[in-house]
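Below is one structure, written out as structure tokens; comments come after it.
Residue numbers (the numbering used here): 60 to 737.
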């Protein structure tokens, strides 16, 4: 009876519980890690994630993926997960990490369960199957090579896509081995879910054919067998094909505009080295780098490329020679190269080697290890004990390494500081390290890193965009103007280049130019909050109060305003006869930007009108402390001082006002209140 229960439920329970426990141990210190790099545009600046009413849009409009046109993709189920995380944690990073940890645990469990079935199909006994299930689950859960995929929120596409892709293969194998049609239907549904998360799941049909040819127990003659395989896999392949066509129809124009200028041939040659690097990191994960730079290979005769090609050929020959004795290992080797092919072969991508791309391919390497290792261990009891003991020790060491690696992902300073160490010529690393330093208040360090970024990659627009932003923060408006224009020339279609052109124009009081810049940003990224706020302020400053109100109303309701836009909203509410709302808006504006003199003055006036002279006096006095305090400030300060009994101070303020503007109309009113000056 226990054996039957184990057959039906026990394996799944063991895999899920083991994965959950190990992921909790290995990634507990990663829950408070922050957002990084692409998270800025895909999550933090993505207005479509902030309201679940946008869920249908994810399936019809690729603009919901990112405000950056060149980064758009059709990944609606990924956006659903992002939106749920956003609502769950109110935009905080921990909620995104928690869902990623859950998905990683589920993927590790699926990896262990699939490994058990593949080992069984390869002829391993019950002991090897059980150990393979637990070892496969454990090593997948804690291996440091997968830390980028788990810690980097934007890499959830690789993680979630692999969850569905692995589940698709697992369900197909289960359905074929048990004769249950539900498995084949589930495989098709999981494939669709995987491709609606990331297109790389398109490799699943090839994996299914590979399983049928290498591991399926089918007594039919080869020709009839191939026909049967084609008929079984064809419906799933049609799903993959249809979703590929849909993706190309929706994303094709964006993707073509964003492709790297590296040739497909050069990209493929370089990837042969990347394939070797991933394999080396699987064995010895001590050289991890979140954004490694590599020299693009131009010829197969180059030393590193030639060695990599020879290694790939040797691996393929070994897989072919051992296909009958070690069919699971052969399957694992081919799994590795097939699942890497969408991102690490002909399709030119800007980054040659990122570790999150190896996430699903990792399972292939793991299967090779299990097939060979368990085949060796199953011979004697001593070997079995040695294998289990070694697995426990290795899993513990890998867990400790993963815990250490998680600390690198704490924030931009720790992450990009580590990248600078492993890739000192990486401009992105210097840029994002500078952003991290700026977040800590180190403007000098930020400027140094931004300048280094521009020196290394002078055509990279984000270096110049951030130079413009820093100059704007430091009120070096002439420099900001120059950088903003340079960024726009480098990337005229970039939403951030257009946005910062508008921000700098606002600072220079070129309100019509600012409005045009923000409108152009919104053409690229409708709903981009920063541009909507900027446009509202530009319209407000030009006197278009109706247009400003239209833009600010939903943003204010969501609390999504900055200092200047809160001031504009406060003015609009004050003008509409709602002093309470106006006062709240001015409070928020000054909390975000204490230097907003108009907000402080208007708040003081509202307090003054309501008889709260003590509060009004605080703001008037703050404003009057500036050498360029205007006459209205001094006039109201004198009235407030007189009203609170500070008569000598009021007379001194009146005298200062008279010296500043001798013919100020309010002097007569002050004289009536205080009496003529002595």
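Glycine included, each C-beta is placed from N, C-alpha and C at the ideal position. This one's a predicted model, so the numbers in the text were calculated from it and none came from an experiment.
Closer than 9 angstroms to chain C by CB, residue i
i: residue 215; result: Note that chain C does not occur in the displayed structure, where there is just one protein chain.
First and last residue of the uninterrupted alpha helix (DSSP H) at residue i
i: residue 741; result: This structure cannot settle anything about residue 741, because the visible part of the chain is limited to 60 through 737.
i: residue 656; result: 656-668
i: residue 491; result: 486-498
i: residue 423; result: 421-436
i: residue 261; result: No alpha helix (DSSP H) contains residue 261, which DSSP labels as neither H nor E.
i: residue 253; result: 240-254
i: residue 216; result: 215-237
i: residue 511; result: 502-515
i: residue 324; result: 323-342
i: residue 368; result: 362-380
i: residue 692; result: 690-702
i: residue 114; result: 114-117
i: residue 210; result: 206-210
Proximity below 9 angstroms, CB of residue i to CB of residue j
i: residue 113; j: residue 128; result: no
i: residue 197; j: residue 539; result: no
i: residue 422; j: residue 379; result: no
i: residue 250; j: residue 260; result: yes
i: residue 719; j: residue 690; result: yes
i: residue 350; j: residue 93; result: no
i: residue 669; j: residue 699; result: no
i: residue 549; j: residue 519; result: yes
i: residue 555; j: residue 546; result: yes
i: residue 159; j: residue 212; result: yes
i: residue 224; j: residue 262; result: yes
i: residue 648; j: residue 626; result: yes
i: residue 347; j: residue 464; result: yes
i: residue 398; j: residue 266; result: yes
i: residue 678; j: residue 659; result: yes
i: residue 271; j: residue 288; result: yes
i: residue 552; j: residue 575; result: no
i: residue 153; j: residue 91; result: yes
i: residue 303; j: residue 253; result: no
i: residue 507; j: residue 533; result: no
i: residue 516; j: residue 495; result: no
i: residue 446; j: residue 326; result: no
i: residue 573; j: residue 565; result: yes
i: residue 214; j: residue 74; result: no
i: residue 458; j: residue 81; result: yes
i: residue 652; j: residue 622; result: yes
i: residue 191; j: residue 171; result: yes
Backbone secondary structure at residue i - three-state DSSP
i: residue 682; result: helix
i: residue 726; result: helix
i: residue 449; result: helix
i: residue 620; result: coil
i: residue 351; result: strand
i: residue 412; result: strand
i: residue 356; result: coil
i: residue 479; result: helix
i: residue 78; result: helix
i: residue 720; result: coil
i: residue 132; result: coil
i: residue 470; result: coil
i: residue 626; result: helix
i: residue 635; result: coil
i: residue 518; result: coil
i: residue 418; result: coil
i: residue 93; result: coil
i: residue 316; result: Any reading at residue 316 must be qualified, since the residue scores a pLDDT of 48, below 50, and its modelled position is unreliable; the value itself is stated next. It is helical.
i: residue 646; result: helix
i: residue 60; result: Note on residue 60: pLDDT 46, under 50, position unreliable in the model; the coordinate value appears next. Residue 60 falls in the coil class under three-state DSSP.
i: residue 125; result: coil
i: residue 83; result: helix
Uninterrupted beta strand (DSSP E) stretches inside the segment 531-603 (no shorter than 3 residues): none
Closer than 8 angstroms is the cut-off here; do at least three beta carbon pairs connect the segment 190-209 with the segment 136-143? no
Where in the segment 142-192 do unbroken runs of the alpha helix (DSSP H), each at least 4 residues long, occur, reported from the N-terminal end onward? For the alpha helix (DSSP H) assignment, the uninterrupted runs of no fewer than 4 residues enclosed by the segment 142-192 are, from N- to C-terminal side, 152-180.
The segment 153-166 / the segment 213-225 touching (three or more Cβ pairs under 8 angstroms): yes
Between the segment 398-412 and the segment 318-333, can you find at least three pairs of beta-carbon atoms closer than 8 angstroms? yes
Does the segment 106-121 come close enough to the segment 469-489 that 3 or more CB-CB pairs lie under 8 angstroms? no
For the segment 180-199 against the segment 374-391, do three or more pairs of beta-carbon atoms, one drawn from each stretch, fall closer than 8 angstroms, so that the two count as touching? yes
Closer than 8 angstroms is the cut-off here; do at least three beta carbon pairs connect the segment 677-696 with the segment 719-731? Short answer: they touch.
How do the segment 96-108 and the segment 516-534 stand: do at least 3 beta-carbon pairs fall below 8 angstroms, yes or no? no
Between the segment 609-624 and the segment 583-600, are three or more C-beta pairs nearer than 8 angstroms? yes
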